[in-house]
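Remember, our numbering sits 1 above the position in the sequence shown when you count from 1.
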Amino acid sequence: MTDFGSIRGKVVVITGGARGIGLATATALHRLGARVAIGDIDEATVKTSGAAGDFEHYGRLDVTDQQSFADFLDEVERLLGPIDVLINNAGIMPTGRVVDEPDALTRRILDINVYGVILGSKLALARMLPRRSGHIVNIASLAGESHVPGLATYNASKHAVLGFTDTLREEYRGSGVALSSVLPTLTNTELGSGVSAPPLVSRVLAPAEPEQIADAIVALLVTRRAKVRVTFAAGLLARVVGALPEAVGDGLARALGSQRAFLDDVDQSARKAYEQRVRTDTDQ
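This is how it looks when you write it as structure tokens:
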């Protein structure tokens, strides 16, 4: 049985913490006695969520801006003390064919999903390495171990997060700082609005709830595992498909409905509000 007592008193920073997986994780950690700071570019929502969750600190954070990120971490350390954990959670997932993706949106996905993770990790390492203590958790996706039509740039960004985190784990092995990645499946948050698993898959693999991802992150902080896939069944399926010969794996994925899930089968009306929001500078 996992002992969560080590969570109590830890100073934890979560980016993209105003909603979804970030907020669920903040809530779970706060309940266990962690001192939680959430940052999000959506200032109004992060203030509402922060106050409702009674978190120790909350405020605007743009993960693509070095000064904004550094100032936020400095403020947390001034108010709460040295940061024990940084969870790089901020990310966006627009859907659609890549030929129709505006260049500005391509850059925005990469700026938030990749550069934001790299920047946050660098800033946290600079604080943690001298203390020989700390944990950086980067939220990737099972899409980072697969290829899903309709998510080309998003997939690329999550492949990058996994490669970056795996490399840092070796680069700083023995430093006292742990580096981990979390690979969620499709989750019932705004990011996944209007999208459902292909019918054949959904019969055995329901979308995860954000609380399930949060529970996995909490357990990872205690065990300091390098990587966790959530859910177990979705992670197993992704790894099995990925281990098959390319033609077989791709054929199986097509048979399961991967070609349509994030393209033709998307409920555009249900997804409209999210797509509009992530295509502006008011959401991460």
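Backbone N, C-alpha and C define an ideal beta-carbon position, used for all residues, glycine too.
Residue i burial status per 10 Å Cβ neighbour count (16 or more: buried)
{"i": "S270", "result": "exposed"}
{"i": "R133", "result": "exposed"}
{"i": "G51", "result": "buried"}
{"i": "K159", "result": "buried"}
{"i": "P185", "result": "buried"}
{"i": "R36", "result": "buried"}
{"i": "F263", "result": "buried"}
{"i": "R174", "result": "exposed"}
{"i": "G164", "result": "exposed"}
{"i": "A27", "result": "buried"}
{"i": "V86", "result": "buried"}
{"i": "D4", "result": "exposed"}
{"i": "G252", "result": "exposed"}
{"i": "D101", "result": "exposed"}
{"i": "D41", "result": "buried"}
{"i": "L245", "result": "exposed"}
{"i": "D63", "result": "buried"}
{"i": "P95", "result": "buried"}
{"i": "T281", "result": "exposed"}
{"i": "A157", "result": "buried"}
{"i": "A274", "result": "exposed"}
{"i": "V249", "result": "exposed"}
{"i": "A19", "result": "buried"}
Residues bridged to residue i [DSSP beta-bridge criterion]
{"i": "G34", "result": "Note: G34 sits in no beta bridge, so no partner."}
{"i": "Y59", "result": "I39"}
{"i": "V86", "result": "V13, H136"}
{"i": "A271", "result": "None, per the DSSP bridge assignment."}
{"i": "A209", "result": "T188"}
Supposed contact pair residue j and residue i - C-beta distance, whole angstroms, cut 8 Å
{"i": "S181", "j": "V138", "result": "5 Å"}
{"i": "L206", "j": "A198", "result": "6 Å"}
{"i": "I93", "j": "I140", "result": "No, I93 and I140 are not in contact; Cβ-Cβ is about 12 Å, not under 8 Å."}
{"i": "A179", "j": "H136", "result": "4 Å"}
{"i": "V267", "j": "G195", "result": "5 Å"}
{"i": "P211", "j": "A25", "result": "4 Å"}
{"i": "L30", "j": "L74", "result": "About 17 Å; that fails the 8 Å criterion."}
{"i": "I22", "j": "T188", "result": "6 Å"}
{"i": "I218", "j": "V162", "result": "No, I218 and V162 are not in contact; Cβ-Cβ is about 15 Å, not under 8 Å."}
{"i": "V242", "j": "A254", "result": "6 Å"}
{"i": "A153", "j": "V99", "result": "4 Å"}
{"i": "T16", "j": "G151", "result": "Wrong, their Cβ atoms sit about 25 Å apart, outside the cutoff."}
{"i": "Y59", "j": "V47", "result": "5 Å"}
{"i": "E44", "j": "R61", "result": "4 Å"}
Chain D within 7 Å of residue i, Cβ atoms only
{"i": "R240", "result": "Absent from the structure: chain D. Only one protein chain is present."}
Report task. Starting from the N-terminal side, write out each stretch of the alpha helix (DSSP H) that is 4 residues or longer and does not extend beyond the segment 92-116. Result -> Qualifying alpha helix (DSSP H) stretches, in chain order: 104-111.
Query raised in the report: Unbroken alpha helix (DSSP H) runs of length 4 or more, entirely within the segment 143-186: which are they?
Result: Listed in chain order, they are 153-172.
Query raised in the report: With a cut-off of 8 Å, do at least 3 Cβ pairs link the segment 163-175 to the segment 237-255?
Result: Verdict: no, contact absent.
**Report entry** Three CB pairs or more closer than 8 Å across the segment 119-138 and the segment 146-157
**Finding:** Touching, no.
**Report entry** 3-residue-minimum beta strand (DSSP E) runs that sit fully inside the segment 222-248, ordered along the chain
**Finding:** Those beta strand (DSSP E) runs which fall completely within the segment 222-248 and span 3+ residues are 228-231.
Query raised in the report: Can at least three beta-carbon pairs, one atom from the segment 208-227 and one from the segment 4-20, be found at a separation below 8 Å?
Result: Touching, per the Cβ criterion.
Report task. Pair every Cβ in the segment 102-113 with every Cβ in the segment 22-38, then say whether three or more of these pairs are closer than 8 Å. Result -> The segment 102-113 is not in contact with the segment 22-38.
Requested in this report: Take every Cβ of the segment 246-266, pair it with every Cβ of the segment 48-68, and state whether three or more of those distances are shorter than 8 Å.
Outcome: With a cut-off of 8 Å, the segment 48-68 and the segment 246-266 do not count as touching, because too few Cβ pairs lie within range.
Report task. Would you check if there are 3 or more beta carbon pairs closer than 8 Å linking the segment 98-107 to the segment 70-87? Result -> No, the segment 98-107 does not touch the segment 70-87.
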